[in-house]
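The structure appears below as structure tokens.
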Amino acid sequence: MSRASGENGILSSPGEQRVVKGEHFGVQVVAVAQRRRRGPRRRNISGLQGRSGLLLVAPYVALLLVVGVIPAGYAIYQSFLARTGSGFGGISGYKDAVTEFQFASSFAHIGLVLIVWLPFMIIGVIGLSLLLHGRRSRLVGGLRFIYYLPGALAGMGNFVLWLFILDPTDSPVKFLLSWLGYSSLEQVAEPAHLPVIIALMLFFQGAGTWILVIYGGLNGIPQDVSEAAIIDGCTPWQETRRIKLPLIRPWIAYFILINIAYASQLFLEPEVLGLATEGAVSPQWTPNQLSYTFAFQLFDVPAAAALSVILLLISLFIGVIITTRTGLFRNVE
Amino acid sequence: MDTVSKSNPLLLWVDVPRVPAVKAFEKAYPNIPVSYSTLNGSASNTGLEEKFVLFNRVGSGWPDAIFWPGNSAMAWATSPQINYAANLTNIISKKVQAGYNPVVAAQCMLNGGLYCLRNDDAPDVLWYNATLMKEWGYTVPKTWPQYEALGIEIGKQHPGYYVGELGDTYAVERYLWGSGCPTNDLTGPNKVYINLNAPTCTRAENMIDALQTAKVLAPAGIFDSAGAIAGAKLVMSPGAAWWGVYLFEQTFKVPKGEITATDPLQWPGSPAGTGDEGGGLWSMSSHISGQRQADTALFLQFMATAPAWQVDLSTGLPAYGPDQNAWITKNIVQSGYFADPSQIGPAMKYAGTIVRPNHGYLLYDEGALWTQVITPVVAEGKLISTAWSAYQSALVDNAKVNGYSVTT
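The structure is reproduced here in structure tokens:
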């Protein structure tokens, strides 16, 4: 939901009086919340704080340079070299990458994973966070811990666990797999199923951590705002839709941004599935795998670098769209 | 780096089945310290080449000797970019070199040099369950059309039994190489001929289609867990010499006294021939010299020829000719596992002499493409012919990407 459409929806008056009131109320609440956030920040900014802010951010900037900016610059440089490794090659690296016969399919695979996974992830994570936030009991601590568990398993261990779950001969849910008609890992992990399988892997890998992040965002909503809303006759659904969701929008935007970035760099999951199925998954299933093949099997480093640059541009483009449309990093005015 | 010591031992990379070989070497040569790592045994070598690219970049880290899990690795291991495998012509003794039948050593000969020693000879023979064949009153087939007809009959009479498996990287070698189908014909330097529409290919395609329709070809592969279950239900199957001990006895766990092998199936009207499934290769590093090179050569020679490994422990027919009879006596005749053991040794030795020529190892693995393109389709229950043109395209596209000029 974008900021603009939300405001338009509020200004146009829908039919029912109660809803209009609720929406009107929503605007007020947002305004209140924004004032609260803005207040202290304005008051405290001083020269000293500005300098200590720089100091605090310096280690991050240094790391960003070493593991982000410099490698990206190096990739851009490499992508314009000739395939032999020296001399200017113009756009031949990009041409090699784009004309490779698996280029389009590797991006299509990522698109498919995103189509399956992102809605599942967004609805699942936000839904579970809201449910968790709605409960005020001792259960919450336990539930939070349970949600976090799958994410706490190290990435590789989690995938190996998945290999057992997916293999009909070893799986703890083999009854489910055989009910679906599968008798071998090759049948389960056939290419058409991969987007769903990878979406499931990613969901259970990441959902728990993100539930905690979103839950943290929900906890940041001042108690008095919710109380005021309830006193004014706000239903739980209206509270969610008009108060909670708009207020945690930056968290949601960040969550979507990071997950799209992750999906566009998929490598580990299809690679491990390929190994486990004795090669039923192409080693060039995603652009990152294709880039790896260019670098290490075809010795076409410029093409590998070009593919990385293309991925970087796509991620940057999506990032810019999300940050500008949602006000992720915008200072509230 | 040219000396070998406790702190700087011989660095060996082997797959899991070869670990006992290393142990045997340590026992035989306690004064040569070794350190070994196990490799992913997948014949498609996924991820292996990358390690060598990185070693080349930093200029160190190469293993002194390696067992290649898949034979196509020889193509890149000897390429100018990787340049790992040493030319053994002047490193390994002439006596050892003379022990290999030229057909068997052909896979290690590149541009006139010897770049590897073959661990085992892996020609395809026809394996069958003698007990079931006898009980059901079937005649053992001699030709592929007879195999097809009997397969269809078994499908009708004894549903649930199989005559082959389709899902592993070696299925392409059993069925297509065995038929002389040009999947990998190197016709010149960097020139390949790939034509799945050749009659030698389509006859295999049609046969597989018919056997799939009869539900007697398992979609699984011999190395996966579903394949092991289907393997115990094989009435017969073309398969390499190592299938007997490694698959039927140790993996499929077929009871003793049932399995035997005979001469490979033939296509009427074609010269005698058969396919070949791996038969591992040993190579050594081109980056070593002096004492290290000599010790590594000793290791390679031990692996390829020493009866302590080849006869006593190896599950495959030794590629080194002088060891073959002893291996057959110990592992086939005296083991007590096989039915009609006296016919197995001669069948293997004969098959080793008729492996079809013109099958080059290329910079990509045709078996890996088989498992990507064919295996998922047959796993879905579709006929192999529905994936035939996709497999042709995959072979051609990969050949082109790897810099070959392709004729079709």
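Chains A and B are the protein sequences, given in the same order.
In terms of the numbering used here, the first sequence opens at residue 1 and continues consecutively.
In terms of the numbering used here, the second sequence opens at residue 1 and continues consecutively.
Think of the CB as a built atom: it goes at the ideal place given N, C-alpha and C, for glycine as much as any other residue.
| query | Taking Cβ-Cβ distances below 7 Å as the criterion, which residues of the region 366-395 of chain B are in contact with chain A? | reply | Ala-368, Thr-371, Gln-372, Thr-375, Pro-376, Ala-379 and Glu-380
| request: Mark B/Asp-295 as exposed unless 16 or more other C-beta atoms lie within 10 angstroms of its C-beta, in which case mark it buried. | output: buried
| query | Quick one: any contact between the region 356-367 of chain B and the region 331-346 of chain B, if contact means 3 or more CB pairs under 8 Å? | reply | no
| Within the 8 Å Cβ cut-off, does B/Ala-399 reach chain A? | no
| field | Chain-ordered neighbours of A/Pro-414 on chain B, where CB pairs are closer than 7 Å | value | As displayed, chain A neither begins before 1 nor continues past 333, which places residue 414 of chain A out of reach and without an answer.
| request: Check the Cβ-Cβ distances between A/Gln-297 and every residue of chain B, and say whether any is below 8 Å. | output: yes
| said: Closest to B/Asp-199 by C-alpha separation, out of B/Pro-63, B/Ser-393, B/Asn-190 and B/Ser-179, would be which residue? | reply: Looking at the sequence itself, residue 199 of chain B is Pro, so the reference to Asp does not match. Comparing Cα positions, the closest option is B/Ser-179.
| request: Locate the alpha helix (DSSP H) running through B/Ala-65, then write down its first and last residues. | output: That residue, B/Ala-65, is in no alpha helix (DSSP H); its beta strand (DSSP E) goes 65-68.
| Does DSSP put B/Gly-164 in a helix, in a strand, or in coil? | strand
| task | Tell me, please, whether the region 268-288 of chain A touches the region 368-382 of chain B by the rule of three or more beta-carbon pairs shorter than 8 Å. | result | yes
| task | Give the single residue among B/Leu-369, B/Leu-12 and B/Val-4 whose Cα lies nearest to the Cα of B/Ala-394. | result | B/Leu-369
| task | State yes or no: is the beta carbon of B/Gly-160 nearer than 8 Å to at least one beta carbon in chain A? | result | no
| task | Could you work out which residues of chain A lie near B/Gly-221, taking near to mean beta carbons separated by less than 8 Å? | result | Glu-186 and Glu-278
| query | In chain A, which residues lie with their C-beta within 9 Å of the C-beta of B/Gln-212? | reply | Those within 9 Å of B/Gln-212 in chain A number zero; the least Cβ separation is about 15 Å.
| query | DSSP beta-bridge partners for B/Gln-266? | reply | B/Thr-143
| task | Alpha carbon to alpha carbon, how far is B/Leu-150 from B/Ala-138? Give it in angstroms, no decimals. | result | Rather than Ala, the amino acid found at residue 138 of chain B in this sequence is Tyr. So the two alpha carbons sit approximately 8 Å from each other.
| Cutoff 7 Å; reference B/Ala-232; Cβ partners in own chain excluding five residues on either side | Phe-252, Lys-253 and Val-254
| task | Provide the residue(s) that pair with B/Thr-407 in DSSP beta bridges, ordered along the chain. | result | B/Tyr-193
| message | Is any non-hydrogen atom of the ligand PLP found closer than 7 Å to the C-beta of A/Asn-158, if you look at the structure I gave you? | response | Here there are no bound small molecules, and the ligand PLP is not part of this structure.
| Given A/Ala-305 as reference, the closest of A/Pro-59, A/Gly-87, A/Gly-93 and A/Leu-55 once Cα atoms are compared | A/Gly-93
| Contained beta strand (DSSP E) runs [length at least 3] in the region 269-325 of chain B, N- to C-terminal order | 281-284
| Is the CB of A/Thr-169 under 8 Å away from at least one CB in chain B? | yes
| request: Quick one: using the 10 Å Cβ neighbour count with 16 as the cut-off for buried, is A/Arg-325 buried or exposed? | output: exposed
| query | Among A/Ile-314, A/Thr-323, A/Leu-298 and A/Val-66, which residue has its Cα nearest to the Cα of B/Gln-81? | reply | A/Leu-298
| request: Taking B/Ser-225 as the query, report the chain A residues whose CB atoms sit under 9 Å from its CB, ordered along the chain. | output: Asp-167, Pro-168, Thr-169, Asp-170, Ser-184 and Leu-185
| said: Assess contact between the region 218-230 of chain A and the region 239-253 of chain A, defined as three or more Cβ pairs (one per stretch) separated by less than 8 Å. Is contact present? | reply: yes
| query | For A/Arg-83, does the three-state DSSP call read helix, strand or coil? | reply | coil
| query | chain A beta carbons: is any one of them nearer than 8 Å to that of B/Val-406? | reply | no
| Secondary structure at B/Trp-327, three-state DSSP: helix, strand or coil? | helix
| Beta-carbon contacts of B/Val-406 that lie in its chain and below 7 Å, excluding the five residues immediately before and after | Val-192, Ile-194, Val-396, Ala-399 and Lys-400
| said: What residue range does the beta strand (DSSP E) around A/Asn-259 cover? | reply: No beta strand (DSSP E) holds A/Asn-259; the alpha helix (DSSP H) holding it covers 249-264.
| query | Is there at least one Cβ from chain A nearer than 8 Å to B/Glu-135's Cβ? | reply | no
| message | Residues of the region 84-97 of chain A in Cβ contact with chain B at a cutoff of 9 Å, in chain order, please. | response | none
| task | Output yes if chain B places a C-beta closer than 8 Å to the C-beta of A/Ser-178; else output no. | result | no
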